[in-house]
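Numbering (the working numbering), first residue to last: 21 to 356.
Worksheet for the structure shown next.
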């Protein structure tokens, strides 16, 4: 007996079978079987990923990308090889932060003082009278649970026009910790105290130094290579297809930073809105990976973003080559 299938159902099954990713789900399992991470690297709607290495594991701490008032917690993900990821749910929950209610965004993580410090934005404040800003949470393990460390925001005001969001902590070779942050097209840098619970002044008496490069919008990230400081940031509107990443190079952690080029952007054949990234670099190697979010083709919901990884490479003069965004992701890379 011949069994037929309704035409509409057949079409739907074909689309699902051939789509490289859909509904924020994990990339095709056959890619992982081939030793590739696939993009996205794990299931779910997530954005603003910060990647870091602790010991023998890679970690990614992203924003949970849902409607505004549902962004009330962070999940984290860990891997030994960039291919297989373990989810650690709700490492920080706004229920454990008295002053944070929603818009819990862009975690930045660092190890110090035998603990782990998670800096985060909350409440998306629009003026100095609103409650919210950049907070600090602390835990004994990377996977948490994290608890509010100071009972209030570390930065709760606009300085130099910068909205207190999109924080990133950078440790220089001398051990000094710098906090980069800022939305609304302004970027500040401040010096974190060794306890990460307060700020220190610069030698000239400033606490917040503006270092906004050309075309900066939000999402700063800083790393050091070959004795030079690379500052990276996101450009464009976060809900649009042209969200992207550019960079500058400076001789000190406070700049000045002169824009060099855009290196991460949409590919209309792969995904749109590629931006708000971080960079991870296995020690003792010259392997560099850019971890970022993007929007699947055909997706129109601004919050529907997924986390992806691709290689980041350099020219002989130290400039960064344009990143090719892929469905395949990166090859397995265990830490040594």
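All C-beta atoms, glycine included, are put in the ideal place defined by N, C-alpha and C.
Short Cβ contact (9 Å threshold) for residue i with residue j
i, j, result
"residue 197", "residue 211", "yes"
"residue 115", "residue 92", "yes"
"residue 264", "residue 289", "no"
"residue 145", "residue 156", "no"
"residue 325", "residue 341", "no"
"residue 122", "residue 130", "no"
"residue 166", "residue 187", "no"
"residue 299", "residue 332", "yes"
"residue 242", "residue 216", "no"
"residue 101", "residue 353", "yes"
"residue 82", "residue 327", "yes"
Within-9 Å CB hit, residue i to chain B
i, result
"residue 308", "The structure shown has no chain B; it contains just one protein chain."
Supposed contact pair residue j and residue i - C-beta distance, whole angstroms, cut 8 Å
i, j, result
"residue 96", "residue 79", "6 Å"
"residue 293", "residue 261", "6 Å"
"residue 183", "residue 152", "Going by Cβ atoms, the distance from residue 183 to residue 152 rounds to 10 Å, so no, they are not a contact pair."
"residue 284", "residue 301", "With 8 Å as the limit, residue 284 and residue 301 do not qualify as a contact, their Cβ atoms being about 16 Å apart."
"residue 119", "residue 172", "6 Å"
"residue 338", "residue 205", "The pair is not a contact, with the Cβ atoms about 27 Å apart (cut-off 8 Å)."
"residue 55", "residue 351", "6 Å"
Close-in-space but distant-in-sequence residues of the same chain around residue i (CB under 6 Å, 5 per side omitted)
i, result
"residue 275", "231"
"residue 108", "96 and 163"
"residue 42", "At residue 42, the pLDDT of 45 sits below 50, so the modelled position is not reliable; the number obtained from the coordinates is stated separately. If we look at residue 42 and ignore the five residues flanking it on each side, it has no Cβ neighbours."
"residue 168", "117 and 157"
"residue 175", "153, 154 and 184"
"residue 110", "93"
"residue 113", "93"
"residue 99", "78 and 105"
"residue 303", "none"
"residue 141", "125, 126, 154 and 185"
"residue 219", "210 and 227"
"residue 71", "80, 298, 300 and 311"
"residue 213", "220"
"residue 295", "254, 263, 264 and 265"
"residue 286", "261, 292 and 294"
Cutoff 8 Å; reference residue i; Cβ partners in own chain excluding five residues on either side
i, result
"residue 278", "233, 234, 268, 269 and 270"
"residue 357", "This structure does not reach residue 357, given that the chain is present from 21 up to 356, and the question cannot be answered."
"residue 192", "198, 244 and 273"
"residue 52", "58, 103 and 104"
"residue 150", "143"
"residue 259", "293 and 322"
"residue 147", "178"
Close beta carbons around residue i, own chain, < 7 Å, minus the five adjacent residues each side
i, result
"residue 28", "Low local confidence applies: a pLDDT of 47 at residue 28 is under 50, so the model's placement there is unreliable, with the coordinate-based value given in what follows. So no residue of the chain qualifies."
"residue 291", "314, 315, 316, 317 and 345"
"residue 336", "none"
"residue 74", "131 and 162"
"residue 160", "135"
"residue 380", "This structure gives no information on residue 380, because the portion of the chain shown stretches from 21 to 356."
Query raised in the report: How about the region 343–352 and the region 48–63: do they share at least three Cβ pairs that are nearer than 8 Å?
Result: Segments in contact, yes.
Exercise for review: Determine contact between the region 248–255 and the region 210–224, defined as no fewer than three beta-carbon pairs at a distance below 8 Å.
Suggested key: Counting Cβ pairs under 8 Å, fewer than three are found: no touch.
Which whole runs of the beta strand (DSSP E) in the region 80–111 are 3 residues long or more, in chain order? Assignment of beta strand (DSSP E) within the region 80–111, counting only whole runs of 3 or more residues, yields 93–99 in chain order.
Could I get the ranges of all uninterrupted beta strand (DSSP E) runs contained in the region 261–336, with 3 residues as the minimum, in chain order? DSSP runs (the beta strand (DSSP E)) wholly in the region 261–336: 264–270, 278–284, 291–300, 309–316 and 326–331.
Exercise for review: Taking only runs that begin and end inside the region 207–231, name each unbroken beta strand (DSSP E) of 3 or more residues, in chain order.
Suggested key: Restricting attention to beta strand (DSSP E) runs no shorter than 3 residues, the region 207–231 encloses them at 208–212, ordered along the chain.
**Q.** Unbroken stretches of the beta strand (DSSP E), 3 residues or longer, contained in the region 140–179
**A.** Whole beta strand (DSSP E) segments, 3+ residues: 153–159.
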